[in-house]
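Numbering (mature numbering (1 follows the signal peptide of the UniProt record, and there is no 0)), first residue to last: -29 to -1, 1 to 1224.
Ideal Cβ placement from N, Cα and C applies to all residues, glycine included.
This one's a predicted model, so the numbers in the text were calculated from it and none came from an experiment.
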């Protein structure tokens, strides 16, 4: 039904909505991480929002597991720096080598090894950081840099080499050759060649010797000469005598250049210079074939055909009817000339060694003519004495030879010796004579076979062998020997020595040295003893460079036990010391008795440094140098010298003054800008710019280097790196200049675009290059400017060029006369009867000729380069030269030039520019690279790490020459993060650092002290509570300050107690006033303490409040009262120590002491009584006082009654009689001073007089 269909459609729509919402609320599967993997693998492709996936780092990375989460924006959260690549340990440099870190030392990185010069690498030249398990390590072990060895040096005849080691020869080892000497060290041979050779290497692997070994040649002898592609016509021998002549000829196909005969000179030299055999010129060879192929017929004229050059010669004599018509091309053309041979001739007969023939100076010999041979003195002719010329042009019979004369057999005998006879006895042979051991030769040791007249004879007879004797053995002090006192000692005899005993002198002597010596002989055959005689005493001690004897030493022999005193020189530390003659007859050691004083390290000059060569002690020298860009003013070195008893540097430290340049050059139409326009120090860069128009439009073009900088070539004077640029008008050229040339037009400074300028050379100069040049953009002229070189010929070059143009190109001239004209530049020569006038047009003579060939002069030389061939004077057209540069330079331009038919070189000569290294592309993580102004050879790239990182590797890379390439000599180093070691632990305290692991640079650590309430102890932190991880100059991690310490807390002590005026505290002084301690105060005499008089030290280290003081003592005079008290009219102050004396009027008695004194406690002592009583009263009162205790009570009562009556009686009488009564009161002061008495009137019954003293 319709309702059911509606339900189905609704369910379908809800499902679609759910699916869409579900797909919109999910993340897709996350990308693969190269550094981590899922902990639990899943095949799901969609993940709801909030889903987290856990990862763990791959083995080659380190880091904790981490998670990523599907975020609300349906992307996964990004993991940052969660896994870091593991690193291998920094590899150590091999001994005599180095490690080159290419990028870094993390897993997958590679390092290279290299060895220093003279060492070869054994092992792997590179290694890769790989992972195994969880550990990163290098794939190969470091190689070994082994010193390059050489084989044994070449052995030489009649000589040997000397060296520090005769078995092992490493790179740099030097061996020196010397020739053997004869008896008596007589020189027999001459060393020819380099006496020393050294071990080196061309490939840094195999050691080779730097050159051939020299030769030991018998004086006045020569080794056989060697000519490549040549044949020695003379007899080939191992040695040739002085002035002996040898002759050469070349092998077929080769032509000789130079003399055929050379003569032996001194020091194994041949003169003149040996010839060379080179392949013959093809044109000459074809010309010879053309001449030789002519048929000959007799005519009336004769001539001898010769092919000039290279000593090639046609020897037949022809009757010529016509000239050959052949062409000197690649193949000869048949000739049409005819003739006949009139006769043949013989060439000069063969030369023989040590002989000659007569006639000797004739070039041609007719058939039948004879020559006769003879030998030099000392030689015998072996063979035919004469040869004759045959009709076939040969010599017959075979040429003889000259053999050395020989002496007869040597028949003499030598008693007590033997005769050494050589293999042959020809002239120069030597017979040697040798005596038996114990005998010496008297006479000549050799006899030579020499020429006497025409005979060969021995020049010396047999010598005599005499017995050898030694002189008497030397006597020794305090000893004796077993030899006879008189008479010589025969060879081989032994003598023994002993020391004398001296018991009476209490001395003993030990024998030092060989106790037995033997009679032997020296090289001259004289009798000598085998060793020096022993001794029984010490010799004079050697002089010490650091000390001198206190008393001059005049003796030469010292018994055992002798002591000598020395004192150190002024330049040394140390006092007096002594040396003693020991029992082994040597002096005791003086080691470390005197030590050199030190001047201390001299101060480094500002912007410079000190170079300590050895040390800073007495006698040492140090050098100074300035940093780059500074020059040294003063002495570059100083020496530690003695000054009085001290040592000091003899010169003050120099000053390093910055190198400055003069103001940069000014330019037309422009100016420069710089940070400072008044001073220009080394390294200052100035940049030029051209003036612009009013609206900023460009009017001029800057041509040249925009920026120049101040530098120095000699580290003394500042110069600008290059000339300044120029500001040239747009589409203009500056006037071109040619040295020794004249410009047309010549009176303008600027030329417009495409304008043409012509040049001509000054008289006497020849132009090379184009006569015209055209102005091009950017102030360039094209083609290249010509140059004017000085002409070196006469007639002028123009004449020769006209001659070349006018002469026909023929093979051979038909002229009967050949004229060779002088050679101008670029012309080898003419074969014609042509001459040039002194003018510019040639004059043609009777017959025409042809130019054999034109030549090019030597090609242009280039700076820092050369061309090959380099020693040739003339070059044929088509011939090439090849250019190469010195090491460290690159060739810019054509590598080869060829000689053109016009006698010029083409193309333009190249230049050699300094090699440049490639752009340094290496990056320095956690650091930066400092680049120089240019990257040519010698340039330096510096590496600086950021703060908190240190450089591992070289701090700079230099552009150096490696083979033929310019390379950076070291790769980028690594900036390693600086870590400090664990912060030091402190006793009774702790820090906030991690218990394990290094602390990174910049991290701060705080220290606190532990509380110990249970122990009743507290600690205070002494020092910096916070320390920071920093670095030392070497880049090692160090803490900014030492760790603090926790000291036991001591209560705060109080300062010294405060003082009070007119008083002081008691108890003495103590070193420390701790909390709880009390101090009591007292006042000085005459003063009274007001307050407690005690203070105590609080726990805050301060004293309690001071609330007491010392008040001056004031005693008040008592008031007199008769029933009521009334103040006295006069208030007098009585001080401590004052006293008063009381006196009563007549009829009255004073109760108590008549005087009283003012005491320290403000009281009178004894007390002052306030009135005077009548005498009975006083007696009764006193008597009552002495009544016993029992009856006292009765009397007291009666006394009171009686006293009351008396008082009443007394008052009545006082009222009846108004006349006052006076009592004298005398007050005495302690000092005995007195004042006038004053009278005091009172209303009391008894008036008193007051006296003050």
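Bridge-paired residues (DSSP) for residue i
i, result
"residue 435", "413"
"residue 1066", "1050"
"residue 758", "739"
"residue 703", "723"
"residue 672", "699"
"residue 1086", "1105"
"residue 419", "401"
"residue 536", "549"
Through-space distance from residue j to residue i, alpha-carbon basis
i, j, result
"residue 604", "residue 691", "22 Å"
"residue 916", "residue 583", "28 Å"
"residue 732", "residue 719", "19 Å"
"residue 135", "residue 554", "37 Å"
"residue 521", "residue 556", "22 Å"
"residue 78", "residue 93", "25 Å"
"residue 1230", "residue 827", "Within the shown structure, residues of the chain are numbered from -29 to 1224, placing residue 1230 beyond reach of any answer."
"residue 210", "residue 91", "42 Å"
"residue 1195", "residue 1112", "Below a pLDDT of 50, predicted positions are generally treated as unreliable, and residue 1195, at 37, falls in that range; no measurement from the model is reported."
"residue 250", "residue 226", "6 Å"
"residue 50", "residue 1013", "39 Å"
"residue 142", "residue 182", "14 Å"
"residue 1127", "residue 1105", "12 Å"
"residue 948", "residue 973", "11 Å"
"residue 939", "residue 574", "35 Å"
"residue 612", "residue 560", "27 Å"
"residue 367", "residue 358", "5 Å"
"residue 184", "residue 493", "33 Å"
"residue 747", "residue 698", "16 Å"
"residue -1", "residue 52", "21 Å"
"residue 664", "residue 743", "34 Å"
"residue 695", "residue 669", "19 Å"
"residue 906", "residue 897", "24 Å"
"residue 945", "residue 72", "8 Å"
"residue 548", "residue 587", "25 Å"
"residue 920", "residue 576", "29 Å"
"residue 444", "residue 138", "41 Å"
"residue 518", "residue 528", "21 Å"
"residue 388", "residue 496", "14 Å"
The beta strand (DSSP E) enclosing residue i, as first and last residue numbers
i, result
"residue 70", "68 to 72"
"residue 19", "17 to 19"
"residue 101", "97 to 103"
"residue 937", "936 to 939"
"residue 911", "911 to 916"
"residue 47", "Looking at the DSSP string, residue 47 is not in any beta strand (DSSP E), and its letter there is neither H nor E."
"residue 343", "341 to 346"
Below-7 Å beta-carbon distance, residue i vs any chain C residue
i, result
"residue 596", "You won't find chain C in this structure, because it holds only one protein chain."
Distance cut-off 6 Å: residue i Cβ against heavy atoms of the ligand NAD
i, result
"residue 1058", "Annotation note on the ligand NAD: not contained in the displayed structure, which lists no ligands."
> Three or more C-beta pairs closer than 8 Å, one from the segment 374 to 381 and one from the segment 443 to 461: is that the case here?
Replying inline: Result no; under three Cβ-Cβ pairs closer than 8 Å.
>> Just to confirm the assignment: which complete beta strand (DSSP E) runs, minimum length 3, are found wholly within the segment 76 to 157?
In response: 81 to 86, 90 to 93, 97 to 103, 106 to 109, 115 to 118, 130 to 133, 145 to 150
>> Quick test of the definition: if touching needs 3 or more C-beta pairs under 8 Å, does the segment 690 to 706 touch the segment 667 to 682?
In response: yes
>> Would you call the segment 353 to 366 in contact with the segment 409 to 423, where contact means no fewer than 3 C-beta pairs closer than 8 Å?
In response: Touching, no.
> Taking the runs of the beta strand (DSSP E) that are 3 residues or longer, which of them lie wholly in the segment 549 to 632?
Replying inline: 579 to 583, 592 to 597, 601 to 604, 608 to 614, 617 to 620, 626 to 629
> Does the segment 636 to 648 come close enough to the segment 613 to 621 to have 3 or more Cβ pairs within less than 8 Å?
Replying inline: no
>> Quick check on the DSSP output: what are the complete alpha helix (DSSP H) runs of length 4 or more inside the segment 939 to 1001, in order along the chain?
In response: none
> Do the segment 93 to 106 and the segment 62 to 82 touch if we need at least three Cβ pairs shorter than 8 Å?
Replying inline: Because the criterion of three Cβ pairs below 8 Å is met, the segment 93 to 106 and the segment 62 to 82 touch.
>> Assess contact between the segment 1002 to 1021 and the segment 1059 to 1074, defined as three or more Cβ pairs (one per stretch) separated by less than 8 Å. Is contact present?
In response: At 8 Å Cβ cutoff, the stretches do not touch.
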